[in-house]
Structures are given as C-alpha cells and as structure tokens.
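Residue numbers for the sequence shown follow my numbering, beginning at 2 and rising by one.
For each residue, glycine too, the CB sits at the ideal point set by N, CA and C.
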Amino acid sequence: MGDDADACAMLGAVETRSVSPVFVGRAGELTALAEALSRATAGEPQALLVGGEAGVGKTRLIEEFLDTACGQGAVVALGGCVELGADGLPFAPFATALRSLRRRLPDELTAAVDGQESELARLLPELGDPGGHDSSDEDSTARLFELTVRLLERLAADRTIVLVLEDLHWADASTRHLLTYLLRTLRRGRIVVVASYRADDIHRRHPLRPLLAELDRLRTIRRIELARFTRTEVHRQLTGILAAEPAPGLVEEVFERSDGNAFFVEELVVSHEAGCALGQLSDSLRDLLLVRVETLPEDAQRVARIVAEGGSTVEYGLLAAVARLTEDELIEALRAAVGANLLLAVPDGDGYRFRHSLVREAVSDDLLPGERSRLNRRYAEALEADPTLVRADERANRLATYWYQARDPAKALPAVLRASVATRKRHAYAEQLRLLERAMELWDEAPAEIRGSLRPIDYAEAYPPCGCDPESTALGYLDLLAEAAVAARLSGDRERALKIGRTALRLLDGADADDPLRAAWFWTERARLQSNLGRGDGWEEIARAQELVKGLPPSAVHAVVLVGAAGWGMLRNPGPDALTAAERAVEYARHVKAESIELNARLTLGTLMVAAGDVEAGLAEMHEVRERTHAIGQFTETARAHINISSSLESLGRSREAVELADTGVRLARGYGLVDSIGWVEANRAESLFSLGRWDEAQETAERLLLRPGTSTKPRGSASLRLAQLATARGELDAASRHLADARAVYGTRDPIPQYTLPMAQIEIAVAAAEGRVADVRAHLAAAEQAGFPPGTHRYGWPLVLTAATAEADSRGLPAADEGRAEALAVIGRCVRALAAPAPVWAAHAQQVSEERARAEGRESAVRWAEVTAAYEPLERPLLLARARHRLADALLVEGGRREEATALLREARATAVRLGARPLREDVELLAARARLSLTPEQRAPAAEPGDDSFGLTPREQDVLRLVAAGRTNRQIAEELFISPKTASVHVSNILAKLGVAGRGEAAALAHRLHLLDTAL
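This is the structure:
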C-alpha cells in the first residue's frame, strides 16, 4: 500500500485548472463560522448546518474556514457521507472523522476511550473487537451514541476541535440519528460541529428533511444557506480563474448560463477554453458536465467511468485491479484526470474521488446498463480476490452493493446477508433492515442450492434456536422475516416491524405451515409492538402465543412467551397468574440453558415476589440477578435490576434505600451509555425524592428527564406525573393540570397500566378538591374503584383513597356536598377493603384514611389523630407527617385545654410546609393558628381576642351571615332571616369573603367548617 500512497501523493501535487485562487464573496457566512470558532474556543460548543444547491460553493466555504481554524491551532476532523450505489455506509463520516482524530491525537484518544474500546469499536474498528452485547438490546444504539458524545467532549476538554461532516444528503439513517443525538446533547467542550448538505436534493420525502426541521427547533444550532453568486461575484470568480480581466460579453454570458452557480461557472470556463462556443452548448446539464470528461484521453475517460461506479471514493489498489491497465498507464490516466481537475487524491488516504459529485453522477448516468453491471462485477471479483483492498469496516457493505448492482443473485444473497450481520454488530439497525429487505428481494431469484447452503447460525440470531441441528438446518425465509422484524423495532420503525410480523404470521397460517414455536415467537413480538404503539395492551397476542406452545417440549421460545406473559402481568395485574408465569419462565430457560432469558425472567419473578408479600426473598432474587448480569457483561439487564429494585424499595416505604440504589444505577447506566435505562432509573429516583421531601431535587430530576434525548415515552410520562404531583402539593393548580395532560398524552388510553392510571387519578382528585369540584372528586374515585386495585398496586391506591377521603372531610358542611356523601364514603370503604397494607407506610395511610372518614362524618378524635401522627413519625414522609400534625392540632383545639401542645404541632407543621414549599398546607396551618389566636413564632405572643372580633375580624353580624352562607342561603334569604336588606346582606358577604381570603361562597362555607369558625371558640 506504500506505493499506492506515493502515487496518490504525487498526483495530488498536480496543478489543476479552473478553480479560482481567490475566495469570492461569502463574507457574512465566513464571519459566522469564525464567530462560532471563537465561542467554542471559549468553552461553548457550537453547531452549524451549511446548506445550498449542488455546486454553489459549500465545500469551498468550509475549506476557507478550516484554513482559519488550523491557523488558530484547532484540530480538524473531516468526515464525508459515502454514497455507494444507492446506499450509504453506516456511520461513515463519524468513522472517518474519528480515524483522523486518532491519527492526530493518538494518546489523547486512547485515554478518552479507556474502558469503552469494545463498544466504540462499532464506530472505529481499529479500537478492537466490538463487545458481545445482545443485538436485541433496546438500549444498544443509544448507548453507542452516548459514548461517542462523551468521547468527543473529553477530547475537546483541553483543545478546540472542528468536526466537519459533509454531504448529509447521502447520510444513512444511523449517521442521521447519531448526528441528531450529538447536536441535542453536546453541552461541554471546545468543539465546533459543521455539517453540510445539498439543499436541492432535499425533496419532500427525503429522510433528511424531518431531521432539518427538528434541528431548526434547537436554538443552539445555526443554519447557513448559501445563495448563488451575484453578477459582480461571478465577475470576480472569472477574474481569479482566468488570472486576467474577462471580456464583458463573457461575464454576461457565463452569468446568464450559470445563473450564479459557482461550479457551473467553472465548467463553462472549461467548455470555453476547450473551444466550445457558450451559446452552442446543450441545455442538458449532464452534457455540460461531461465536457470536461470528453476532452480527456481515452484511458483517462475509462478510469473516470470506473471511479464513478465505485462509490464516493475508490482506493488506488482496488482501482488498479478493476481498470486492468499497466501501472504506468493507470498513473498517466490519473494524472490527466487530476490535472483536468476532474479527480482528486483523497487527503490522508490512498484513493481518488471526483472533485464534485455532480460530475460523478453525470458520468455514472452516462454508463450503459450492461457496462454498469460489468463494472460492479469487476469490483466485486477484485474485492473477493483481495479483501485488504478496502477498510475492514467497509468491506462487507461494499461487496454486497457491488454484487447486487452486478445483478448476480447467487453471489449477491450471501454477500447481502454477511453485510447485514456486520451492520447489526455496529448497532446500525436501519441499515441492517435495508439489507435484509434486499435479501428478501433476492431470495426467490437465488438458486436453490445457494439458499440451501446458508445457515441460521451464520446470519440470524433474532429467533432463538429450538433444538434444530445448526449444521444441517438451512436458513429460511421466515428467519429473514424474524431478523427484519427485530431490526425494524430496534431502528425505531415499529410500523414496519408490525407489517413484517403480519407477513410472517400470514405465511405461518398457510396450509403447509406447521411451526407453532415460530408463530408463538412472532405473536410475542407483535404483543410488544402493539403496546409500544399504543394500539392495545398486547394480551390477546400473548394469549395466542401461550396457546401455541401449550403441550410442546420445553424450548427457548417457551421461555420467551412466558417472560412476556409474566412481564405483562407484572405491569397490569401482578397476581398469582403472573407469578406462576415467571416461575415457569425461569424453569424453562434453565432447562434449555438460555441464561439471558433466565436472568430476565428471574428479575420479573423477584419483582412479583415483593408485590406478593415475599419481600426479602424477592429482593434477594433481584440482587442476585444484578450481580450476575454485571459479572457477565449484560449491563442493560443490570440497569433493569436497579430500576426494579429501586421501585420495589419505594413500594415498601424504604425511599432512602431506593434513592441510594437509583444513584448507583444512574452511575452504571451513564458509564455504559444506557440512555433509556437512565430515564427509567431517574424516574424512580424522582418519585422517592418526593416521598422524602427533597422536592427541589425531585423537580430538577424530572425536568432533566424531560429534556434528555433518547428517553423513551414511559419515563417521560413519569417525569410529567412527578411535576404534576409537585405542582399540586405546592398549590400550583394550572401547572399541575398542564403536566397531568402531558402525562396522559404520553400514556394514551388503549393500554391502562395501574402504575400510571392510579397516580393520574390521584392528581385529578387532588386538583378537583382544591378547586372545590366535589362532584368531580367523587366521579374520579368511582372510576378508579370500577377499574379496580390489582394485587401489588397498594402503593398507588392508598394515596388516591387518602386524597378522596380528605376531600370529603374538607367539604363537610357544604350544602352542595351533602347529597351523595354517604355513597362517596361507602365507595371509600370498599376501596380500603381492596387495598393491602404490607408495610408501615401503608398501615399509616390506612389509619389516616380511617380518621379522615371519621372527620367527614363529624366524629374525629384527637386520640386517633395522635395515633396517626405517631405512625408517621418513624417514617421519612415529611408532608404526610405535617398534615397529620395539622389535623391533630385542630382536634386538640376543638376538644379544648391543650393549646400549648397544639401550638407546638402547628409550628412543626408550618416549618415543614415552608421548607417544602407546600403552600396549601402552610395556609391551612396559618388559618387555624389565626382562628385559635396561636402564635407560630416562639418570640411572639398570640394577640388576645377582642370583643366583637372573635375570628378573622368577623363581627357578630358577619358570623351570623356566614352561618347562613354555610347553610346555602341566598342573599335574599339571608336578608329575610336577619331582617336586613338584600343589598346589606350582599355587602356582608363581600366583607366575609375578603376577610377569609376566599373567592366564593362555597370556599367560605368549606373554610368555616374546616376551621370551626361557627363554633363558640377554640
């Protein structure tokens, strides 16, 4: 390869023609790039998108900017998207850029990737062998993206790096997704990301179009759109190219024909110098672009045609093998093409590419059909004869493309399948899906003996092996469908995955089909997709799968189906059936030695055991899985263990332990780039932080979760729920309703899961109660009772029932609430009987619900409130304890004689409310203290009551009016009963509302009853 590189270096020095040595125009655009470089150097990452039509000057602008950046000491890493036939190579621009950084900063890059070599080798194979993570890992792509961003941030910590990604219009899906992730998450480092694209190629259905629309919404990204040159700028360009003042007629003619496109200006000059009159040129753009080629010697034209069909860049050795010229002939042909400014030697490489892709496309389009397939066959044969001619990470994809374009199904099918395996290992699932769809297209065209020689063990891993002989069992079309379905799901194209699954099930329903295990597997996949797409809960599909495997010998598919059933039950109905399914899944997985499935099933089993009351054994089971998965490198499952264990600890009221474990889980997930797992763990952490009264941390966690790219929908819904819960507790009802609507939009209505539906109902009840909508409180409670409280959902049921019971007690005395109260309390009673209280925190909830029900019936007791308070004191539930203290103080004051004790309780409750920011609780405490003439600050003595001003400054007459308001009387009825005019009654009512600080008569009545304002005295 050394001679090849020397040849390229030699030709790279050949003087070229037609390119202006003068950089024309673009002052504003170049200034914007320079300013971005300055900000990045100061530590603020920058991102810019450079767009414009083909030939308008994007590359020249970027080259000028890179000269400036290098002059200021920046490290430049350039990567271009690769067009290979109609295909793109996965992650090609990032791989090229990282390879450049590895050459420039070898020691620094080695240090930055330390510990993550196997994972990052999926992008840069030179780092080592890719890790052995399961390809069906939902988090694998996000993990790779997270580690890539972190690598760039580390490299840019001490130096300015300019990362340039060219030709995004050719970018493969994986490259587009990685770029999006990079631009959304890059927050640190001295780095500038510049990406260019051909704007005129971005038609309505182009895959880059939605990406550009998404990036436009990010304020951190600046778009630069290059316009065509003005007449003055074309004049300057011609002057630079010709090194002399152009004739006025030439300027006018070139400007008119080129319409200000910089590249077309150059081509018109070439045509002019070749002796063609500008006015005689064909109107066809292709003919214009081919003028430069047709002036070359025959060998140079032949080489140009070969390079055009080889891809964006063709290595010298590969070109030599395909061209079949002598070395001297090839060098002379290349010298002519480079000298004519048609081809360029690739910097830092040993290959050649067209100076402009428009010319390559024109040359390729000019090939005859037979000529195109013959050239592709030569490329494929040369690459098979010597695989070292191209980089290892490109070999499989390029060989697959060459054989496919050669129209040789016998060669193309195995090559395409090998390429699909290579892309799967790189987590480039969208490209894997495209290759698998190409394999399905080739399947019937390939000879039967070729299909019969293929083995699932070599090309397929989605469908688990089920006892077949790997040496004799041939790869089948259903294997391709299984691989494609999983690839589509992992690439995010769930609709495509669902369609592929439907095709497979239709084939399996055929008259000759008899493969219940494979059908069961596809039904299980369909269940997962139905749930993810919000089309249903997936139970019908799981039931079909279970029916299909019934009575069959144990297999890995059995275990997969049972794990699916157990997981469904864990989320929706964690009862005996789900527990049995999990136990059988573990048993079957062990029997067939499928450890990854077994560990998944054991984690589900442990979670269900805790929910069933077998707490310590369940936690022990989950901790064993956590340790084992970490030991064997199944880190996604390790993170899932942290998710389930922290959730289980919260369900037991052990919130501090839950936060500590969640912190460990977040560190682990970040360390391995498990982006989605971070979301789930953080959601659990926010819930436990709220319970512990660490509300600011809970809010910060939830808000960060909503902003974090790569987080799946369910954790985002949990974050919105937590924010709604916080807003409700703080009295911010509009915000609570807004966050609740966000959560509801995420969860949908087709798959009601108790861990989401019950908290949403609890918040709806709390908001309705705060707004005085008693009827809505009762309606939401009745709906929750009708939906039921499955076993293990007590952690969500008790807060809901407590909120409803408190609302009934607070509304006692409201005339509008009297009707229906008995039925509402009966509903609460039925809900209580449906809920277990397996931990002290839920036993305390049960006691509080009982006493709130008594308060709603006017029979509360200070003794029982003291018991509730005592139940909460050893628990870390500051909000619930403060509320219990408030209610106990109220009961003590009503019973009389224990004012000092009540004062101490109210001071503690108020201090908690102030610390938490729980405004409604603080106001309730302050209102009660004001009514009872108690001081909430030790330094101040409570003011003595004055005659005629018993409470809140209400005069005796106003207290009379308040009693009638609380009884539901209108102003006219009050006037008749008190022998005053309706206008005077109206004035009294207005004064009462102002003194009590309420907005309406209903609130005044409720407050009067809650604070015993109509009693003689406290």
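Here's the rule: buried if 16 or more other CB atoms are within 10 angstroms of the residue's CB, otherwise exposed. What is Cys71? Exposed, because fewer than 16 other Cβ atoms sit within 10 Å of the Cβ of Cys71.
Thr233 to Gly26 span [Cα, whole Å]: Spanning the two alpha carbons is a distance of roughly 9 Å.
Going straight from the alpha carbon of Ile975 to that of Lys996, what length do you get? Taking the straight line from one Cα to the other gives about 19 Å.
What three-state label does DSSP hand Gln117 in the structure shown? Correct three-state label for Gln117: coil.
With a 10 Å radius around its C-beta and 16 neighbouring C-beta atoms as the bar for buried, classify Pro208 as buried or exposed. In summary, Pro208 is exposed, with fewer than 16 beta-carbon neighbours lying within 10 Å of its beta-carbon over all protein chains present.
Cβ-Cβ distance between Thr904 and Pro879 below 9 Å: Pro879 sits away from Thr904, with the two beta carbons spaced by 9 Å or more.
Note down the Cα distance separating Glu215 from Asp459, rounded to an integer number of angstroms. Rounded to the nearest angstrom, the two C-alpha atoms are 39 Å apart.
Below 9 Å between beta carbons: does that hold for Val195 and Ala75? No Cβ-Cβ contact shorter than 9 Å links Val195 with Ala75.
Please classify Gly80: does DSSP put it in a helix, a strand, or coil? Strand.
Please identify the residue among Leu319, Gly859, Ala346, Ala244 whose C-alpha is closest to the C-alpha of Arg392. Nearest C-alpha to Arg392: Leu319.
So the candidates are Asn685, Leu690, Phe691, Thr729; which of them puts its Cα closest to the Cα of Gly718? For the residues Asn685, Leu690, Phe691, Thr729, the minimum Cα distance to Gly718 belongs to Asn685.
Pairwise C-alpha distance: Gly897 and Ser862: Those two C-alpha atoms are separated by around 12 Å.
Going by the DSSP bridge assignment, what does Gly1001 pair with across the sheet? Gly1001 is not bridged to any residue.
What would DSSP say about Glu861, mapped onto helix, strand or coil? Coil at Glu861, not helix or strand.
What residue range is occupied by the uninterrupted beta strand (DSSP E) comprising Ile222? Residues 222-226.
Nearest-angstrom Cα separation, counted from Ala488 out to Ala582: Each residue's Cα considered, the two are about 28 Å apart.
Pro211, buried or exposed, once every other Cβ within 10 Å from all chains shown has been counted against 16: Around the beta carbon of Pro211, fewer than 16 other beta carbons sit within 10 angstroms, so the residue counts as exposed.
Between which residues of its own chain and Gly1001 is the CB-CB distance below 8 Å, once the five residues before and five after are set aside? A distance below 8 Å between beta-carbons, with the five flanking residues on each side excluded, links Gly1001 to the following residues of its chain, in chain order: Gly773, Leu994.
Which residue marks the beginning of the alpha helix (DSSP H) containing Tyr353, and which one marks its end? Tyr353: not part of any alpha helix (DSSP H); member of the beta strand (DSSP E) spanning 352-355, first to last residue.
Check whether the Cβ of Gly241 lies closer than 8 Å to any heavy atom of the ligand ZN, and answer yes or no. Annotation note on the ligand ZN: not contained in the displayed structure, which lists no ligands.
Could you tell me which whole alpha helix (DSSP H) segments of length 4 or greater appear in the stretch 695-768? Here the runs fully enclosed are 696-708, 714-730, 734-748.
Could you give the distance in angstroms between the alpha-carbon of Leu282 and the alpha-carbon of Gln302? With a pLDDT of 38 at Leu282, under the threshold of 50, the predicted position of this residue should be treated as unreliable, though the coordinate-derived value follows. C-alpha separation (whole angstroms): 20 Å.
Quick one: grab the DSSP three-state call for Leu955. DSSP places Leu955 in the strand class (E or B) of the three-state scheme.
Nearest-angstrom Cα separation, counted from Thr504 out to Trp524: The straight-line gap separating the alpha-carbon atoms of Trp524 and Thr504 is approximately 12 Å.
Val25, DSSP secondary structure in three states: Note: Val25 maps to coil in three-state DSSP.
Between Thr42 and Ile633, what straight-line distance do the alpha-carbon atoms span, to the nearest angstrom? A direct Cα-to-Cα measurement between Thr42 and Ile633 gives close to 42 Å.
Helix, strand or coil for Ile162, going by three-state DSSP, please let me know. Strand.
Could you tell me the boundaries of the beta strand (DSSP E) in which Gly53 lies? Taken as a continuous stretch (DSSP letters only), the beta strand (DSSP E) holding Gly53 covers 47-53.
Measuring alpha carbon to alpha carbon, tell me which of Leu815, Glu1004, Arg886, Ala933 ends up nearest Gly969. Closest option to Gly969, Cα to Cα, is Leu815.
At least three beta-carbon pairs within less than 8 Å, the stretch 119-128 to the stretch 422-429: Judged by Cβ distances under 8 Å, the stretch 119-128 makes contact with the stretch 422-429, as three or more pairs qualify.
Look at the alpha carbon of Arg200 and the alpha carbon of Leu707, and state the distance between them as a whole number of angstroms. This sequence places Ala at residue 200; Arg is not what is there. Their backbone Cα atoms lie some 32 Å apart in a straight line.
Short Cβ contact (9 Å threshold) for Arg723 with Glu688: Yes, they are a contact pair.
Using a 10 Å radius around the Cβ and a threshold of 16 neighbouring Cβ atoms, would you call Ser991 buried or exposed? Classification for Ser991: exposed.
By Cβ distance below 8 Å, which residues in the same chain neighbour Asn972 in space, the five residues on each side in sequence not counted? Excluding the 5 residues flanking it on each side, Asn972 has same chain C-beta neighbours closer than 8 Å at Pro983, Ala986, Ser987, Val990, in chain order.
Per-residue DSSP class, three states only, for Val347: Coil.
Within this structure, are the beta carbons of Leu179 and Gly674 separated by less than 9 Å? Cβ atoms of Leu179 and Gly674: not closer than 9 Å.
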